[in-house]
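Just so you know, the sequences run in chain order A and B. Per the numbering used here, the first sequence runs over residues 287 to 625. Per the numbering used here, the second sequence runs over residues 287 to 625. I have placed the structure first, in the form of structure tokens, so that the comments after it can refer back to it.
Protein chains: 2
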Amino acid sequence: MNQTKGNIMLGHGSGGKMMHDLIENVFIKKFNNNILTDQTDSAILNSDLDNIAFTTDSFVIDPVVFPGGNIGKLAVCGTVNDLAVSGAIPAYLSVSFIIEEGFPVEELEKIAESLAAEAQKAGVSVVTGDTKIVNKGKCDKLFINTSGIGFIRKENISIGKGSKVAPGDFIIINGTIGDHGMAVLNARESFNFTIHIESDCASLNHLIKKVTDKHEVKFMRDPTRGGVAAVLNELALKTGFGIEIEEDALPIKKGVKAMCELLGFDPLHIANEGKVIMVVPESDVQSVLEILKNDTLGMESSAIGRIVTEHQGRVVLRNQTGGSRIIDTLSGDQLPRIC
Amino acid sequence: MNQTKGNIMLGHGSGGKMMHDLIENVFIKKFNNNILTDQTDSAILNSDLDNIAFTTDSFVIDPVVFPGGNIGKLAVCGTVNDLAVSGAIPAYLSVSFIIEEGFPVEELEKIAESLAAEAQKAGVSVVTGDTKIVNKGKCDKLFINTSGIGFIRKENISIGKGSKVAPGDFIIINGTIGDHGMAVLNARESFNFTIHIESDCASLNHLIKKVTDKHEVKFMRDPTRGGVAAVLNELALKTGFGIEIEEDALPIKKGVKAMCELLGFDPLHIANEGKVIMVVPESDVQSVLEILKNDTLGMESSAIGRIVTEHQGRVVLRNQTGGSRIIDTLSGDQLPRIC
Chain A
287 MNQTKGNIML
297 GHGSGGKMMH
307 DLIENVFIKK
317 FNNNILTDQT
327 DSAILNSDLD
337 NIAFTTDSFV
347 IDPVVFPGGN
357 IGKLAVCGTV
367 NDLAVSGAIP
377 AYLSVSFIIE
387 EGFPVEELEK
397 IAESLAAEAQ
407 KAGVSVVTGD
417 TKIVNKGKCD
427 KLFINTSGIG
437 FIRKENISIG
447 KGSKVAPGDF
457 IIINGTIGDH
467 GMAVLNARES
477 FNFTIHIESD
487 CASLNHLIKK
497 VTDKHEVKFM
507 RDPTRGGVAA
517 VLNELALKTG
527 FGIEIEEDAL
537 PIKKGVKAMC
547 ELLGFDPLHI
557 ANEGKVIMVV
567 PESDVQSVLE
577 ILKNDTLGME
587 SSAIGRIVTE
597 HQGRVVLRNQ
607 TGGSRIIDTL
617 SGDQLPRIC
Chain B
287 MNQTKGNIML
297 GHGSGGKMMH
307 DLIENVFIKK
317 FNNNILTDQT
327 DSAILNSDLD
337 NIAFTTDSFV
347 IDPVVFPGGN
357 IGKLAVCGTV
367 NDLAVSGAIP
377 AYLSVSFIIE
387 EGFPVEELEK
397 IAESLAAEAQ
407 KAGVSVVTGD
417 TKIVNKGKCD
427 KLFINTSGIG
437 FIRKENISIG
447 KGSKVAPGDF
457 IIINGTIGDH
467 GMAVLNARES
477 FNFTIHIESD
487 CASLNHLIKK
497 VTDKHEVKFM
507 RDPTRGGVAA
517 VLNELALKTG
527 FGIEIEEDAL
537 PIKKGVKAMC
547 ELLGFDPLHI
557 ANEGKVIMVV
567 PESDVQSVLE
577 ILKNDTLGME
587 SSAIGRIVTE
597 HQGRVVLRNQ
607 TGGSRIIDTL
617 SGDQLPRIC
């Protein structure tokens, strides 16, 4: 009997034959590489570089499939991007699944396929994993944790850390904001909006490397939960400088803008999963924008604002009519389970 | 308002101020170290050794607190042990929490404290983390993923891998079997057994190092889900040799034995969380046992069986009366959510 068809049963998490078959048939095949195939408790990696970047992220997004991606693809992009914005070259991923009893194996396979495809695209290997099954009703379909290891050359260790940020520096983003959050919300709720919005979910490591190979990026961060507002507020607090953003420089898709207006959201607070904020000196702005715009993941890149000496520790948005307002970090959640 | 008292709210997973406060007050304080305090997306680690071991494990145990430990302590022990049985010196952990809305912050703090205390005991640093909150009813209280990095010196790379296992080698375990599984089951169900059973949940890296510093351990594995039976069957399949276990050499606590008999479980299939199975040549058995027995985590160590040329690929249990039976791996689960 092939026990990896149909729906997930509690026995698939047992450490017994059913779990073995599930791992063999659904996971190992898709993440195929020599390190994983060993199936020991730890993956053994080789390193001849100096510093290791290590990150972790659990994904609990609802729904698990959304326009532009699914939880598997997202779990790779999220962790790869966390490594890349730290100046690291992402190399290895662990993948741990918590699966609700009754989840269709076919759907799990599709998600594992997306995960494997995105890992290949990003150039990272899934080298170790874990699978737990919980009784029906004890988790919501599927949660995935990906932890990641990347390597940082000694000379790149300060990339993106923010310590060199100075007034006059520019803030760049590689495209439209709010796409991921609105796509997921639109898929989750039954708004009957005719607008089609796709998540921007993408691995940015190759794009980021193109920039950092040629330019010193003083600060780099992916604006996920909490959106652009959270990242900029963190930067303002960290540096003690002020930040000014130009409203008409913010790239926003029409559909996202319309949906935000209807629902009363500020796109600056909405999660992105394929965006990076970079702070670069004024002298580098045009060249960085050129590199970004020549990549499919950066075609709508824009310099959205700059570091200033005024209103220290605060982020201020200037609008087209000359008015301005403070952009704060939200206290709680606008949108739960968006990643 | 201090938003990190009382119960977990969805806003604690938002990327906003509430999440920031939760992380600061509940987690960072407890896992305090310079790498974590940076709070960037990836922890940056230094390595001057040759090989990196990398492992991941999600913990979904029910109940989250049990005699002998809780999910926080377990999450450290499980990942530390996976690294240690791979011949690695565990060094760094990531910790990712998935928390159900409404979970008491006080309980979360206690669990985080246990986690921090066990990490300190094991000599590992929690260097990166993540927190997700899901709506009430969408997960069962609290799940924790820990991923771990350890370092393996080049000369130790074959430790515990099994490639040198040969007939005549002995199989050693560092104490009683089945304690964890029965302790958790006893805490979960309302059997009204008067027996007190404690989980064996412990980090074994220091104990293992004492042995591997002096002896070549040919195969090493922690018998968690699937129990001793799963590990030995894996070894038999991997090497192609047979394995013989002596029933009267198996250390089992009276209470565990009684509970297993009452419920119809075989203790060989029950999960342990503080046990390691080692395969060593006959010449090393006494010395290895002496090292183990001199440690509080190995006082009841025993040589439970040996590698044989007969019944290839199978594990056979010999009982006191001279009879024998095959010990197979179970197909599904005896006990779900035991780790």
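Glycine included, every Cβ here is placed at the ideal spot set by N, Cα and C.
- Contact check for B:His-555 against B:Gly-512 passes: the beta carbons are separated by less than 8 Å.
- For the pair A:Ile-458 and A:Val-594, the CB atoms are not nearer than the 8 Å cut-off.
- Among the residues of the segment 530-545 of chain B, none has a Cβ less than 8 Å away from any Cβ of chain A.
- Contacts with chain A at 8 Å (Cβ-Cβ) include B:Asn-421.
- Taking C-alpha positions only, A:Asn-491 is separated from A:Val-371 by approximately 8 Å.
- A buried status is given to B:Glu-559, since no fewer than 16 other beta-carbon atoms sit within 10 Å of its beta-carbon.
- Excluding the 5 residues flanking it on each side, A:Lys-359 has same chain C-beta neighbours closer than 8 Å at Ser-400, Leu-401, Ala-403, Glu-404, Cys-487, in chain order.
- Residue pairing by DSSP places B:Phe-389 in no beta bridge whatsoever.
- Under the DSSP definition of a beta bridge, B:Arg-507 partners with B:Ile-563.
- Residues of the segment 598-619 of chain A whose Cβ lies closer than 8 Å to any Cβ of chain B, in chain order: Thr-615, Leu-616, Ser-617, Gly-618, Asp-619.
- Using a CB distance cut-off of 8 Å, B:Ser-380 counts as an interface residue toward chain A.
- Here the segment 299-306 of chain B lies against the segment 610-619 of chain A, with 3 or more beta-carbon pairs under 8 Å apart.
- Taking each of A:Thr-510, A:Ile-419, A:Phe-429 in turn and checking the Cα distance to B:Ile-385, the smallest one comes out for A:Phe-429.
- Not a single C-beta of chain B is nearer than 8 Å to the C-beta of A:Leu-578.
- Pairing B:Gln-606 with B:Glu-502 gives a Cβ-Cβ distance that is not under 8 Å.
- Considering only beta carbons, no part of the segment 474-495 of chain B lies closer than 7 Å to chain A.
- Non-local C-beta neighbours of A:Gly-299 in its own chain, meaning closer than 7 Å and more than five positions away in sequence, comprise Met-305, Thr-417, Lys-418, Ile-419, ordered along the chain.
- When rounded, the separation of the alpha-carbon atoms in B:Asn-356 and B:Gly-388 is 19 Å.
- For B:His-597, the CB contacts under 6 Å within the same chain, skipping 5 residues up- and downstream, are Gly-528 in chain order.
- Just so you know, the alpha carbons of B:Gly-464 and B:Cys-546 end up roughly 9 Å apart.
- Within the segment 338-362 of chain B, those residues whose Cβ lies closer than 7 Å to any Cβ of chain A are, in chain order, Ile-338, Ala-339, Phe-340, Thr-341, Thr-342, Asp-343, Ser-344, Val-346.
- From the beta-carbon of A:Lys-450, no residue of chain B is found nearer than 8 Å; the closest lies around 15 Å away.
- Rounded to whole angstroms, B:Ser-411 and B:Lys-504 show a C-alpha spacing of 28 Å.
- A:Glu-520: member of the alpha helix (DSSP H) spanning 513-525, first to last residue.
- Contact between the segment 444-461 of chain B and the segment 577-587 of chain B is present: 3 or more CB-CB pairs across the two stretches fall below 8 Å.
- Under the three-pair Cβ rule at 8 Å, the segment 492-500 of chain B counts as touching the segment 365-379 of chain B.
- In the three-state reduction of the DSSP assignment, B:Phe-477 falls in the coil class, being assigned neither a helical nor a strand state.
- Residues of the segment 293-306 of chain A whose Cβ lies closer than 9 Å to any Cβ of chain B, in chain order: Met-295, Leu-296, Gly-297, His-298, Gly-299, Ser-300, Gly-301, Gly-302, Lys-303, Met-304, Met-305, His-306.
- Restricting attention to A:Lys-579, A:Ile-563, A:Lys-424, the CA atom closest to the CA of A:Ile-531 is found in A:Ile-563.
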